[in-house]
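Numbering (full-length UniProt numbering), first residue to last: 1 to 225.
One structure below.
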Ligand SMILES: [Zn+2]
C-alpha cells in the first residue's frame, strides 16, 4: 500500500470546504483507495480521516493522488483536481523530463520515449482500427466526431470538445490492447451527448459498454507517457 503523506513541498496545498458531517460521522475506513476519472485524468483517491484535501503527483509514473476527507463527495474531489489541472500537467512534465535524463534499461518505463518510428507505429495502429470502430459505434451512439486528432498526452487518454465535435486520442493507445482504444473512443463519443461524467454520461456508457468501469480501472492503472 503506497503511503499518501501530505507533502510539504506541494505548493498547491489547498483548503477545501469541510463536509458538514465529517467530524461526527465515523470514517468508512482508515484509508480506502479508489480511482476516479477527471476529464480523462486518472486520479487515485485515498480516503482518510483528515480535514482538508491534498493533491500530489508522484514519480516515477506521474500518478495523481488526492488525499481526501472520508465523507467528501467525488464531485468535490473532481472539482478540486479540475481547478489544479495546469499544476498537475506541469508536475507531470517535470517528472517526465527528470525521467528522460536518467539512464534506463529495457523494461524500464523511462525507456518509453516517442521516437519517430514509435509515433508512426502508434498512429498506423489507431488509423487501422478507427474506420471499423466508427462504423460500429456511430450508429449505436448516434453521434460521430467531426475530427479525430492523435497526439501524445501525458495526462489524458482522450478529450472531446462537444461544441465542435472534435475528439483527441492519446497516441499511446495505438501501442496498447485494442479494447482500450475502443473504450476511450466510446467514452469521448459519449461526451458528444454529455459533457461531464454525471448521471447521463454514466447511463449512456453502461448502455454502450456495460464493462466500461472495469476498462477504465484497467486503463487508469497504466501511466501515459
Ligand atoms: Zn471524459
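Heads up, the beta-carbon is just placed ideally off N, CA and C, and yes, glycines get one too.
Note that the structure is predicted; figures quoted are calculated from it, not measured.
On the DSSP bridge assignment, give the partners of residue 170 in chain order.
Walking along the chain shown from the start, residue 170 turns up at place 170. Paired residues: 151.
Can you tell me where the beta strand (DSSP E) holding residue 58 begins and where it ends?
As a first step, residue 58 is located in the chain shown; it is residue number 58 there, counting from the start. Residue 58 -> beta strand (DSSP E) spans 54-58.
Check whether the segment 121-139 touches the segment 61-79, counting contact only when three or more Cβ pairs, one atom from each stretch, lie closer than 8 angstroms.
With the cut-off at 8 angstroms, the segment 121-139 and the segment 61-79 do not touch.
Quick one: what's got a C-beta closer than 8 angstroms to residue 124's C-beta in the same chain, skipping five residues either side?
Reading the chain shown from its first residue, position 124 is the one you call residue 124. Result list for residue 124: 174, in chain order.
With H, G and I counted as helix, E and B as strand and the rest as coil, what does DSSP make of residue 73?
Within the chain shown, residue 73 is the residue found at index 73, counting from 1. The answer is coil: DSSP assigns residue 73 none of H, G, I, E or B.
CB residue 186 to CB residue 209, shorter than 7 angstroms?
By one-based count along the chain shown, residue 186 stands at place 186. By one-based count along the chain shown, residue 209 stands at place 209. Yes, these two residues count as a Cβ contact at 7 angstroms.
At 4 residues or longer, what runs of the alpha helix (DSSP H) sit wholly inside the segment 107-137?
Entirely contained in the segment 107-137, not one alpha helix (DSSP H) run reaches 4 residues.
Could you tell me the boundaries of the beta strand (DSSP E) in which residue 181 lies?
For the purposes of this step, residue 181 is identified with residue 181 of the chain shown, where counting begins at 1. Note, residue 181: premise wrong, no beta strand (DSSP E); alpha helix (DSSP H) at 178-190.
If distances are taken between C-alpha atoms only, which option among 207, 51, 189, 61 comes closest to residue 158?
Position 158 of the chain shown, counting from 1, holds the residue named residue 158. That would be 189, whose Cα lies nearest to the Cα of residue 158.
Give the residues whose C-beta lies closer than 6 angstroms to at least one heavy atom of ligand 1, in chain order.
Output, sorted by chain position: 39, 40, 187, 191, 197.
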